[in-house]
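Worksheet for the structure shown next.
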DNA sequence: AATATCTATCTTGTATACAAAAATATTGAC
DNA sequence: GTCAATATTTTTGTATACAAGATAGATATT
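Chains as they are written, first to last, in this note's numbering: chain W, 254 to 471; chain P, 254 to 471.
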């Protein structure tokens with residue numbers, strides 16, 4: 254399945270929003286964007302339409318599209334839902350998971366650990382995402398898997414800042430191991446609780462997220 | 254927030270898919286649709302793009318868009334996720350719900366019952382959806398609420414056939430009352446379990462859904 | 001000076017035009 | 001008659017043109 258030009262543009266605009274080039278509330282001008290990407294307005298409009306659907310921008314008919322970063326409350330809500338979805342994945346997976354998948358989770362954790370040692374943040378993020386992605390898949394529910402991936406993608410830029418917390422990496426790795434242990438035991442309740450706590454924004458994580466939102470607002 | 258033309262068209266095409274005018278796997282021709290709706294291809298394309306995002310049609314670049322009704326497995330998966338999402342709503346709501354909302358749920362149930370007595374199916378569906386919508390809202394998590402509404406909307410045509418089951422209506426009403434009772438007690442576990450069972454596709458409901466899929470395939 | 005209204009300009013939404021890729025038909029070879 | 005290669009037609013994707021709504025600025029009025 255090849256990508257359309259407008260899909261590529263949508264991803265690039267998304268990136269520009271995430272990296273702060275376009276800030277919250279800013280209007281995205283169709284002609285400006287078409288000049289920037291050296292295409293006509295048509296693919297730009299399609300891209301913006303897609304972003305509006307995903308909730309990253311808001312579309313007001315005849316007025317334009319505006320960047321719409323989630324505020325602190327919405328962000329907490331999204332993390333809460335993510336935690337519940339992942340907990341559901343874990344609950345399902347505890348009954349259905351294969352030995353091969355357990356092994357795969359352990360391998361990913363090892364690579365994760367190696368990345369921590371090497372202080373390779375990008376590699377860590379990648380392996381971390383992979384760990385979660387395996388869990389989604391092992392829920393045995395493809396639709397649930399897709400929904401999780403969608404929300405994970407949406408939360409990605411915020412999740413990354415979460416992990417920058419001092420000492421969070423080792424703690425996070427420990428939680429991963431706990432999750433795998435619960436899955437191995439087939440203890441669905443423990444697995445669900447472990448991942449819920451792992452994903453949820455609480456305690457120190459909460460303050461860090463709030464701090465990051467403040468700096469991002471400037 | 255007024256609607257764009259392409260939004261209206263998207264909803265109409267959606268309706269045409271639901272009512273069987275366009276069947277599964279069928280290609281949706283842009284020019285044919287533009288003639289049918291007496292507009293140019295532009296708003297048609299925007300509508301199709303939106304439907305592709307929501308998953309109702311599949312878009313293959315340079316080849317067209319095709320109706321993509323969920324198969325039995327995907328449908329079961331979607332109902333499973335819906336059940337979990339609603340269970341989460343109930344769990345949250347059990348702690349947060351207000352007396353006024355409890356009253357609202359009871360009122361809606363009364364109107365639901367009245368619709369059953371009057372054999373007014375449309376009215377029943379409406380009130381039933383309202384019952385669930387109140388629950389989503391009372392979760393206290395707007396993002397969760399929106400996600401639930403989105404999936405509810407997607408499952409709507411299938412949910413309706415679910416309820417046509419003989420005797421299902423009264424059973425369903427009883428379950429509603431059980432849910433409210435659990436919420437009133439603040440028993441989050443009971444509320445979650447009650448709504449999960451209420452939404453889940455199992456037993457008789459499963460066979461009915463399969464039967465409906467077979468007839469729809471013809 | 002402040003506000004209201006009219007006008008000019010800008011921007012979006014829709015229609016049409018064009019280019020490139022895919023599907024289909026046609027012709028020719030075996 | 002079947003298969004392959006090529007030509008034709010369709011159909012999508014993109015660019016441009018045009019129309020109507022929204023914004024902003026200028027002028028007039030109180």
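The beta-carbon is built from N, C-alpha and C at its ideal position, and this holds for glycine as well. Just so we're clear, the structure is a prediction, and the values are computed from it rather than from any experiment.
Cβ of residue i within 8 Å of any chain W Cβ
i	result
residue 302 of chain P	yes
residue 274 of chain P	no
residue 394 of chain P	yes
residue 426 of chain P	no
residue 376 of chain P	no
residue 296 of chain P	no
residue 262 of chain P	no
Extent of the continuous beta strand (DSSP E) run through residue i
i	result
residue 284 of chain W	Here residue 284 of chain W belongs to no beta strand (DSSP E); instead the alpha helix (DSSP H) covers 283-289.
residue 318 of chain W	317-320
residue 275 of chain W	From DSSP, residue 275 of chain W is part of no beta strand (DSSP E); its letter is neither H nor E.
residue 310 of chain P	310-313
Distance between residue j and residue i (C-alpha atoms, nearest Å)
i	j	result
residue 304 of chain W	residue 413 of chain P	31 Å
residue 446 of chain W	residue 336 of chain W	9 Å
residue 301 of chain P	residue 258 of chain W	16 Å
residue 328 of chain P	residue 411 of chain P	9 Å
residue 308 of chain W	residue 321 of chain W	8 Å
residue 433 of chain W	residue 443 of chain W	10 Å
residue 352 of chain P	residue 343 of chain W	34 Å
residue 323 of chain W	residue 313 of chain P	31 Å
residue 448 of chain P	residue 261 of chain P	33 Å
residue 422 of chain W	residue 389 of chain W	21 Å
residue 371 of chain W	residue 408 of chain P	47 Å
residue 273 of chain W	residue 317 of chain P	35 Å
residue 376 of chain W	residue 296 of chain W	33 Å
residue 292 of chain W	residue 271 of chain W	22 Å
residue 400 of chain W	residue 266 of chain W	22 Å
residue 289 of chain P	residue 365 of chain P	38 Å
residue 441 of chain W	residue 334 of chain W	19 Å
residue 299 of chain W	residue 315 of chain W	15 Å
residue 373 of chain W	residue 281 of chain W	34 Å
residue 426 of chain P	residue 287 of chain P	44 Å
Residue i at chain P interface by Cβ criterion, 8 Å
i	result
residue 441 of chain W	no
residue 281 of chain W	no
residue 306 of chain W	yes
residue 331 of chain W	yes
residue 390 of chain W	no
residue 423 of chain W	no
residue 453 of chain W	no
Interface residues of chain W facing residue i [CB-CB closer than 8 Å]
i	result
residue 322 of chain P	Result: empty, since nearest Cβ-Cβ is about 14 Å, beyond 8 Å.
C-beta contact flag for residue i and residue j at 8 Å
i	j	result
residue 357 of chain W	residue 368 of chain W	no
residue 284 of chain W	residue 294 of chain W	yes
residue 319 of chain W	residue 454 of chain W	no
residue 362 of chain W	residue 345 of chain W	no
residue 439 of chain P	residue 348 of chain P	yes
residue 428 of chain P	residue 451 of chain P	yes
residue 354 of chain P	residue 391 of chain P	yes
residue 338 of chain P	residue 404 of chain P	yes
residue 306 of chain W	residue 306 of chain P	yes
residue 350 of chain P	residue 436 of chain P	yes
residue 386 of chain W	residue 397 of chain W	no
Alpha helix (DSSP H) segment containing residue i, residue limits
i	result
residue 299 of chain P	294-307
residue 369 of chain P	352-370
residue 238 of chain P	The requested residue 238 of chain P is not part of the displayed model; chain P covers only 254 to 471.
residue 442 of chain P	441-452
residue 265 of chain P	258-271
residue 325 of chain W	325-349
residue 424 of chain P	421-438
Neighbour list for residue i in chain P, Cβ cutoff strictly below 9 Å
i	result
residue 334 of chain W	338, 341, 394, 396, 397, 400
residue 327 of chain W	395, 396
Contact list for residue i against chain P, beta-carbon separation under 8 Å
i	result
residue 380 of chain W	Neighbours of residue 380 of chain W on chain P: none; closest Cβ ~27 Å, over 8 Å.
Within chain P, partners of residue i - CB distance below 7 Å
i	result
residue 267 of chain W	The premise fails here: residue 267 of chain W is roughly 14 Å from chain P at the closest Cβ pair, so nothing lies under 7 Å.
Cross-chain neighbours of residue i in chain W, by beta carbon under 9 Å
i	result
residue 299 of chain P	298, 299, 302
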